[in-house]
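Working notes, structure below.
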Amino acid sequence: MKIPLSWLNDYIKIEDTPKELSHKMTMAGTEVGHITEIGSHWDSQKVVVGEIISIQNHPNADRLRLASVNVGNKDLVQVVCGAPNILENQKIAFAHSGAILKNPSTGESQELKPAKIRGVLSNGMICSAAELGISEEHDGIIELPNEMIPGVPLIDVLGDTILETELTPNRPDCLSMIGTAQEISAITQNPVIMPSVNYAATETNISDLMTVEIENPNHCIRYTATLIKDVQIKPSPIWMQNRLEKCGVRPINNIVDITNYVMLEYGQPLHAFDRNKLKDNHIIIRESKNDETITTLDGTERKLEKGMLVIADKSNPIALAGIMGGQSTEIDNSTNTIFLESANFLGSLIRSTRTKIGLNTEASYRFERELRQEISVLALKRATELIVTICGGKAHKGIIDEYPQNVSHKNINTRISKLNSLLGTEFEQTKVWDTLKHLGFSKIDSSTNENLILSPPLWRSDIKIEEDVIEEFARIYGYDNLPVKRLSSELPSIIPDKISNIIEKIRDGLVHSGMNETISYSVSNINSLQKTQSPSDDREIIKLLNPMDSTKAWLRSNLVSNLLETLSANQRSNPNTPIKIFEIGHTFAFDKNYKFGDLPTEENSIVGAISGNVSEESLWVSHNQSFDFYHLKGILELSLSNISSNISYSSYNHFLLKHPISAKIISRNVEIGIIGELDEKISDHFNLQKDYPTFVFELNISNILKIASDSNISYNQISKFPDSKRDVSLLIDISTKSKEIEQIISQNKLVVEVFPIDKYIGEDIPKNKKSITYRIVFQSNIKTLDATEIDKIQSNIIKSLNEKLNIIERYSI
């Protein structure tokens, strides 16, 4: 919220500099994110108060006029002006040539220079709010109060400091000037000065003229209203317009401006209806009917779902409760009687309606954060006083106050011993009370030194239990002022958790391989979950009873669905960027035969995906090459190397993967996961890019735990003798698996490594055959192997391959 210090000074005396005050507020938990100095760039000699003495038509332009302006000197200054709202004898903000102003079109500051506009010299400018940097409004000029004296520096009149607070959702009290003043009072111990409210009322009681009905007291907790007649619709006073503009609110007319002004002052949204546009004298707060419509004040016709909260007369909805009024009862120049509403609505229902219709307003922002019911009456009376004073209205006697459940806020027993125990302090009751009373707490009983029985502050809806009170004391006293003490004992040693260690090792390996970890919610879309759940998986997906989002109301039974949604979102925002992501998390599901009251099964899982152009991330790849199966295989083997060096693959037909580019991941005869290219149907469901294939893996942590050794990894001694490499091309049956060949070759103790480096099917290769070239690395720990010995070993290997798999050697080098 934007807090002009000139306005804040009406409620509390500010003695600190803006920077000092911002620091104190931030340290107490009310963060000030930005400080704006309005007028800091205004030259006191060049940007001043002016008075328009006379106005003439421009000789060469119908939409421009010539204004003679008194700027405190003997000579008048002539300027060309196109603003529609200039008048003779009007006090305005005037900038001489040489002044630095903001260009509303570019947002940049620039120097004002004399200029001929359609043949007439203009020696200055009558300024709008945008040109002065006060707000974005530049349709008309700024009007100043009539008591302003021409020639006075404008910074003395409009200069101000704006604090922009960044609030947490539990602090709606600080979405108001008085709530912010109360917070500063607690910090500085200066008293808060509340506005005095006093107005005369007519003899006619409002209850004889209007009635209100609340259908569901749980949805509308309190509804207060009054009736004001004989109002005159016109612009609000200049001082009010200036305050609203500094807070980022555009002035409209005196009635609407007063409701906005009081909302900013008290934090309570209000709404004014044109009484003469209501169909009768009875107002109903009810749920909307299915397919009911309302045209809101922004001119949009909105179709309502059943169950949205509306304000209605006998015929139709006249407002979306807590969000925006309806166009059918809006205030216009013909309005002379208003029905003024100040209510308290259920925050979750306002949030739900706002989300469904896609309409965010200052009112909904406040109601969603649960305002105190008591403020509605205070704000109503304050707005009534301003309307009577400014708009010439006459308020009817009394107010409507429908408060069916009359919510009472419980007193809180705060134990001083509990406070000292939590904070590690030795405060006495008097010190605690001296701090809390400035926050607006009321003392109900303090007859013992041990206890303080308190009533929460009027403005606060978030203080409900003893710990809340202790937190309030601690933050105002200052966390940095709490005494520092040594721990009474040493911290216990951490017992290593095997699962966590394994996950951390795999995570490190994936990150070091260039993968990025994602973290998604534990809930997902039911269609995506069903699409990524195996047909043979008979577990039941769990639906939440009270989901935050109706589209994501199911606990994830696998990690693949959320990962592919993340991949899809990243591809849309970065279409040409290679993406390598993984996620580690829990999955949840009910067993097939679960009974009511049973807990779901919970498993750890790791999934990963890569997609895109390799050349985009590598300087060594110059051609347009996509990630393939072997890229992901290499990443996976590196990531698992600290757990098991014995990784192999077995062809496997999996519903998620495109056959035959799919395999089981095996270690020590235990299946620990799957790897392969994503099936096109799955890819299409998640709207993944078609230009590049997507490769995925999934690891089962429970099975990895079975093959992980409790002891440290053992290492073989590195031979001090050189190795020898042979590349051998073999002619094999097309159905023979590479794993079988590698196992036979590796049976010789002098073979330390074997892996395929080339595959060929084509000319000179018989049908149903393929040629694969293997690189075989020979090495001894006791001597250097000569060519004769290697030839003999190689010959034995080829003989064994021929006998077992009918394999023929094509050639070797």
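Once you know that position 677 of the sequence shown is 666 in my numbering, the rest is easy, because the numbers rise by one and skip nothing.
Quick reminder that beta carbons are idealized off the backbone N, C-alpha and C, glycines included.
By the three-class DSSP mapping on this structure, what secondary structure does residue i have?
| i | result |
| --- | --- |
| residue 406 | helix |
| residue 792 | helix |
| residue 767 | strand |
| residue 116 | coil |
| residue 543 | strand |
| residue 456 | helix |
| residue 291 | strand |
| residue 724 | coil |
| residue 2 | coil |
| residue 12 | helix |
| residue 528 | coil |
| residue 575 | strand |
| residue 674 | helix |
| residue 780 | helix |
| residue -3 | helix |
Could you compute how far the alpha carbon of residue i sits from the alpha carbon of residue j?
| i | j | result |
| --- | --- | --- |
| residue 155 | residue 601 | 39 Å |
| residue 169 | residue 677 | 49 Å |
| residue 233 | residue 412 | 42 Å |
| residue 27 | residue 116 | 14 Å |
| residue 394 | residue 38 | 54 Å |
| residue 176 | residue 13 | 7 Å |
| residue 508 | residue 733 | 43 Å |
| residue 617 | residue 650 | 10 Å |
| residue 139 | residue 320 | 35 Å |
| residue 181 | residue 238 | 25 Å |
| residue 756 | residue 731 | 23 Å |
| residue 124 | residue 401 | 44 Å |
| residue 699 | residue 490 | A caution first: residue 699 carries a pLDDT of 49, below 50, which makes its placement in the model unreliable, though a value can still be read off. Each residue's alpha carbon lies about 11 Å from the other. |
| residue 634 | residue 478 | 43 Å |
| residue 512 | residue 22 | 33 Å |
| residue 753 | residue 684 | 33 Å |
| residue 93 | residue 141 | 25 Å |
| residue 536 | residue 345 | 15 Å |
| residue 564 | residue 570 | 15 Å |
| residue 615 | residue 681 | 6 Å |
| residue 556 | residue 568 | 7 Å |
| residue 453 | residue 186 | 29 Å |
| residue 791 | residue 721 | 9 Å |
| residue 879 | residue 291 | Absent from the model: residue 879. The displayed extent of the chain is -10 to 802, so no value can be given. |
Which one of the options has the shortest CA to CA distance from residue i?
| i | options | result |
| --- | --- | --- |
| residue 603 | 781, 591, 619 | 619 |
| residue 195 | 366, 214, 78, 289 | 214 |
| residue 774 | 641, 748, 614, 741 | 741 |
| residue 714 | 389, 403, 253, 764 | 764 |
| residue 297 | 312, 288, 304 | 312 |
| residue 379 | 532, 62, -8, 221 | 221 |
| residue 768 | 90, 59, 776 | 776 |
| residue 384 | 300, 560, 198 | 198 |
| residue 407 | 103, 292, 459 | 459 |
| residue 646 | 636, 686, 631 | 686 |
| residue 326 | 746, 130, 265 | 265 |
| residue 335 | 504, 167, 299, 314 | 299 |
| residue 596 | 586, 245, 505 | 505 |
| residue 259 | 794, 723, 351, 575 | 351 |
| residue 179 | 3, 778, 128 | 3 |
| residue 130 | 314, 136, 118 | 118 |
Within the same chain, show all residues whose beta-carbon is closer than 8 Å to that of residue i, passing over the 5 residues directly before and after it, in chain order.
| i | result |
| --- | --- |
| residue 435 | 418, 422, 441, 442 |
| residue 267 | 302, 307, 318, 328 |
| residue 638 | 622, 652, 653, 654, 655, 664, 728 |
| residue 464 | 17, 18 |
| residue 644 | 523, 524, 668 |
Within its chain, find whatever has a CB closer than 6 Å to the CB of residue i; leave out the 5 residues flanking it on each side and keep chain order.
| i | result |
| --- | --- |
| residue 527 | 581 |
| residue 392 | 211 |
| residue 624 | 502 |
Taking 7 Å as the cut-off, does the CB of residue i come closer than this to any heavy atom belonging to the ligand ADP?
| i | result |
| --- | --- |
| residue 617 | The ligand ADP is absent from the structure shown, which contains no ligand whatsoever. |
Excluding sequence positions up to five away, which residues of its chain have a Cβ less than 7 Å from the Cβ of residue i?
| i | result |
| --- | --- |
| residue 462 | 408, 421, 424, 425 |
| residue 275 | 204, 299, 301 |
Runs of beta strand (DSSP E) wholly within the region 578 to 643 (minimum 3 residues, chain order): 590 to 600, 636 to 640
Which full runs of the alpha helix (DSSP H) of 4+ residues lie inside the region 362 to 436, going along the chain? 364 to 380, 405 to 412, 418 to 425
Mind pulling the alpha helix (DSSP H) runs of 4 or more residues that sit fully within the region 212 to 252? 227 to 235
For a minimum of 3 consecutive residues, which ranges assigned as the beta strand (DSSP E) are wholly contained in the region 37 to 91? 54 to 59, 66 to 70, 80 to 85, 89 to 91
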